[in-house]
Amino acid sequence: MSSRAQRVGVLGAGQLALMLAQAAQPLGVEVICAGAAGDCAGRVAPLVEVDLEDRVAVQAFADTVDVVTIESENISANVLGGLPLFPNARAIGIAQERLAEKRFFHECGIDTAPFAPIDKLEDFTAAFAITGLPAILKTRRLGYDGKGQVRLTSVADAEAAWSEVGGAPSILEGVVPFTSEVSLLASRNRHGDTVYYPLIQNFHRDGILRTSLVPCNAPEVPGLQARAETYVARLLERLDYIGTLAVEFFLAGHRLIANEMAPRVHNSGHWTIEGAQTSQFSNHLRAILDMPLGSTASRPMAMLNCIGTMPPAHETESFRQLSRHDYGKQPRAGRKVGHLTFPRDAVADIEFWRHRLEESC
Ligand SMILES: Nc1ncnc2c1ncn2[C@@H]1O[C@H](COP(=O)(O)OP(=O)(O)O)[C@@H](O)[C@H]1O
Ligand SMILES: [Mg+2]
20 MSSRAQRVGV
30 LGAGQLALML
40 AQAAQPLGVE
50 VICAGAAGDC
60 AGRVAPLVEV
70 DLEDRVAVQA
80 FADTVDVVTI
90 ESENISANVL
100 GGLPLFPNAR
110 AIGIAQERLA
120 EKRFFHECGI
130 DTAPFAPIDK
140 LEDFTAAFAI
150 TGLPAILKTR
160 RLGYDGKGQV
170 RLTSVADAEA
180 AWSEVGGAPS
190 ILEGVVPFTS
200 EVSLLASRNR
210 HGDTVYYPLI
220 QNFHRDGILR
230 TSLVPCNAPE
240 VPGLQARAET
250 YVARLLERLD
260 YIGTLAVEFF
270 LAGHRLIANE
280 MAPRVHNSGH
290 WTIEGAQTSQ
300 FSNHLRAILD
310 MPLGSTASRP
320 MAMLNCIGTM
330 PPAHETESFR
340 QLSRHDYGKQ
350 PRAGRKVGHL
360 TFPRDAVADI
370 EFWRHRLEES
380 C
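Numbering (my numbering), first residue to last: 20 to 380.
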């Protein structure tokens, strides 16, 4: 038997690939990324320049590794066939199309916001009858960080919203009057062994995740963790899912309403690097390589995203409880360029940095 390290090929070379590569080292696993020159994961892992739309190029890349995984669900289905891919192409296909995703949640007996497909302007009338107002128009594909979404407050907004999404196949969703947003992350390996992280509470601004807190603060809702785990277990089993899966929920009173799922490691789980015995990145690699999963025992943590620009290192350095992750990306408005994590009891530091980052991004 060869003793060479197992090789994981990641389609994409952004910060999620970067953190997968960092988690691979202690496992004795090699991560190789497929992306564009200058992508940030290239700082810590071999980066092969691959056009991710080119089926032949992706296949050639896959031939150099043992298993393939993704850092973004927005990869064309036509390059995914025939790869040793984890999670599988069906799971990715459902997660990359909002209509299929919502229908799949319903098939699994999980609540969603009211929704209706929009393929032409005339579809709005019937859709409003289902969603009510206010509503959100979302393109079915390629949305992230709130992109491809338009809010509607009256029936008269339909035409402008439809032209704003460029007439792309979309769905209209009723706005959920949520009390909080939470996510559940799980990792499942090839034997079906599954571990769950504690529910995470998430705060978005302008459609972009700003803050994640664990544990989530919903003491009035009994049995929430168990309920979320039951839902996610159904998704994992029906998809024969292997890897880390993130599911975003709205909590509206006692109702747990699924919003979307990400067939990959997720921004709301970045705190697991410092805060959990095994990070979401390590458990993703373990799952797809069929290793035993690691414990998700966690301590209370806060994660703050750095959007647009990274605060200077000389400013973060004097905060002893702060862990700084600079992805090494070029500053750009609305771009995730890094994150900070803190143990939850560093309350004053968390508040200081929450305000400081709000001012700067
Ligand atoms: N139906 C909805 N009701 C209320 N808020 C919503 C709804 N859909 C989206 N949002 C808000 O917008 C954010 C981003 O939307 P989401 O569907 O998660 O798209 P993305 O793929 O951009 O993350 C959500 O986290 C939530 O804050
Ligand atoms: Mg989302």
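C-beta atoms are modelled at their ideal positions from N, C-alpha and C, and glycine is treated no differently. Nothing here was measured: the structure is a model prediction, and the numbers come from that model.
S379 sits in a helix when the DSSP states are folded into three classes. The residues L232, F361, R363 and I369, in chain order, have a CB closer than 6 Å to that of A321 in the same chain once the five nearest residues on each side in sequence are set aside.
Cβ atoms of G54 and A32 come within 8 Å of each other, at about 3 Å. Chain-ordered, the residues whose CB falls short of 6 Å from any heavy atom of ligand 2 come out as E267 and E279. Secondary structure at R122: helix, using DSSP grouped into helix, strand and coil. Its Cα nearest to that of N221, the residue E267 stands out among S182, E267, L156 and G112.
For M38, the uninterrupted alpha helix (DSSP H) segment begins and ends at Q34 to L46. Scanning its chain for C-beta atoms nearer than 6 Å, with the 5 sequence neighbours on each side dropped, one finds around W181 the residues L140, in chain order. When DSSP reads this structure, Q220 sits in a beta bridge with V201 and L232. Per DSSP, A365 has no beta bridge partner at all. Scanning S287, I129, D164 and A332 for the CA closest to the CA of I219 turns up S287. Counting every other CB atom within 10 Å of its CB across the protein chains shown gives G186 a total below 16, marking it as exposed. DSSP places H289 outside both helix and strand once states are collapsed to three, so it counts as coil. Between the alpha carbons of F134 and R159 lies a distance of about 12 Å. Within its own chain, the residues whose Cβ lies closer than 8 Å to the Cβ of N93, once the five positions on either side in sequence are excluded, are Q115, R160, L161 and Y163, listed in chain order. Per the Cβ contact rule, the region 84-93 is not in contact with the region 227-247 (fewer than 3 Cβ pairs under 8 Å).
The three-state reading of DSSP puts S189 in strand, counting E and B together. For C325, the three-state secondary structure derived from DSSP is strand. Of the candidates K121, V194, A277 and E126, the residue whose Cα lies closest to the Cα of L156 is V194. Classified as buried, T131 has 16 or more neighbouring CB atoms from the shown chains inside 10 Å of its CB. A straight-line Cα-Cα distance of about 24 Å links A265 and D85. Looking at the backbone, the Cα of Q340 and that of A352 are separated by about 27 Å. For D82, no pairing in a beta bridge is given by DSSP.
Here Q299 is near L204, since their CB atoms are less than 9 Å apart.
The beta carbons of F143 and G262 sit about 37 Å from each other, so the pair does not count as a contact at 8 Å.
Excluding residues up to 5 positions away in sequence, C325, M329, H344, D345 and Y346 lie with their Cβ nearer than 6 Å to the Cβ of G357 in the same chain.
In the structure shown, the three-state DSSP call for T249 is helix. For F300, the enclosing alpha helix (DSSP H) starts and ends at Q299 to I307. Here A36 is not near D70, since their CB atoms are 9 Å or more apart. Put simply, the backbone Cα of E192 is about 9 Å away from that of P153. Contact annotation: the region 60-69 does not touch the region 240-257, with fewer than three C-beta pairs closer than 8 Å.
Relative to the non-hydrogen atoms of ligand 1, the Cβ of F147 never comes closer than 8 Å to any of them.
Counted as a single uninterrupted DSSP element, the alpha helix (DSSP H) harbouring S182 occupies residues A177 to E183. Pairing Y216 with T335 gives a Cβ-Cβ distance that is not under 9 Å. Residues of the same chain with a CB within less than 7 Å of the CB of G167, apart from the 5 flanking positions on each side, are K157, T158, L161 and V184 in chain order.
DSSP, reduced to helix, strand and coil, places A96 within a helical segment of the structure shown.
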